[in-house]
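Residue numbers (mature numbering (1 follows the signal peptide of the UniProt record, and there is no 0)): -17 to -1, 1 to 189. Even glycine gets a Cβ: it sits at the ideal position worked out from N, Cα and C. This one's a predicted model, so the numbers in the text were calculated from it and none came from an experiment. Data block below; observations after.
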Amino acid sequence: MALSLYNLCVIVCFVLSSTFHTFSDHSKEMHKFGNELDHLGIVLVMWGTGMSGTHFAFYCHEALRNAYFLVLSGTATGCAIFTLQPNFRQPTFRTVRFLMYCFLGASLFAPLIHGIWRFGGAELDAMMGLGSFLGLAIINFTGAAVYAMRIPERWFPRRFDLLGQSHNWMHVLVLTGALVRLRGQLEVMSRWQMHTETYGFCKGAN
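Structure representation (structure tokens):
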């Protein structure tokens, strides 16, 4: 279920993004509406990533898992509401968007930090794919930073107007990160399927 949720969020995010970029030149109203959906897709995929990771990390601790579910859902909901504000779509808010999504991304790390403290890094990696999660975070952060700082077009004006600008690289990196995490989650699923609650990860849960 957790893997399906992550995959669904990624698919919806990419569909919304593709829809926006395809029809953004249709009209001013369509551009605004599509832009809202594009950013909501980002919020959705970050929420799905956090939920799926938390599900595996605290599968054996239902109360903690549900508490983190509530925190992640509340943070994502607040971020989604802010996303719908008209001023948020203006180019001058590019840096604000970057910082806001970084804040949402940072909230995903609370369960990880708790999990590392409680289980240790090696065990958490086996339980929820810590390595692929961190890989996804690093790749996405790099993409967001490239976009916010307008690299490389800020150094080479007009040379990357059609191809190779920061927006292109951001999408390439986001897709790469999603694939890295998907592979990690598939490996996690394989490990969980080889365990049972009696003899597996939940054996020593306390």
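Given residue i as reference, the closest of the options once Cα atoms are compared
i           : options                   : result
residue 202 : C43, G88, T75             : Any property of residue 202 remains undetermined from this structure, which presents the chain solely from -17 to 189.
T78         : H14, M132, A40            : M132
residue 195 : F71, I25, Q73, E45        : Coverage of the chain is limited to positions -17 through 189, which leaves residue 195 absent and any answer about it impossible.
residue 240 : V157, L(-13), T125, V(-3) : No answer is possible for residue 240: the residues shown for the chain start at -17 and end at 189.
P69         : R141, F102, H14           : H14
L119        : G57, Y130, A46, L165      : L165
G36         : A93, H9, F71              : A93
F16         : E45, S(-1), G104          : S(-1)
Q73         : D144, N18, C(-9), V(-8)   : N18
H150        : Y130, A161, L27           : Y130
I64         : Q148, A105, L27           : L27
L107        : V(-8), F143, H9, F184     : F184
Check whether residue i and residue j have beta carbons under 8 Å apart
i           : j    : result
F39         : V163 : no
G167        : G114 : yes
residue 190 : L55  : Because the chain is modelled from -17 through 189, residue 190 falls outside the range shown and cannot be assessed.
T159        : L91  : no
H4          : T66  : no
L169        : T125 : no
A109        : R48  : no
F71         : R80  : yes
Cα-Cα separation, residue i to residue j
i      : j    : result
Y84    : C62  : 8 Å
V(-6)  : Y51  : 23 Å
T181   : K11  : Residue placement at T181 cannot be trusted, given a pLDDT of 45 that sits under 50; what the coordinates show is reported in the next sentence. Approximately 59 Å, taken between the alpha carbons.
R141   : A128 : 20 Å
G57    : R137 : 36 Å
H111   : H154 : According to the sequence displayed, residue 111 carries Met and not His. If you take the alpha carbons of M111 and H154, they lie about 25 Å apart.
T2     : R101 : 42 Å
M(-17) : H178 : 17 Å
T75    : F139 : 21 Å
I134   : A46  : 44 Å
Y42    : M34  : 11 Å
I122   : A161 : 9 Å
N(-11) : L145 : 30 Å
I96    : F6   : 41 Å
S(-14) : A105 : 25 Å
C(-9)  : G147 : 27 Å
Cβ-heavy atom distance, residue i to the ligand COA, below 7 Å
i   : result
D21 : Absent from the structure shown: the ligand COA. Ligands present: none.
Interface flag, residue i vs chain C, CB-CB below 8 Å
i    : result
M172 : Within the model displayed, chain C is absent; a lone protein chain is all it includes.
**Prompt:** What runs of the alpha helix (DSSP H), each 4 residues or longer, lie entirely inside the stretch 111 to 162?
**Reply:** Listed in chain order, they are 113 to 131.
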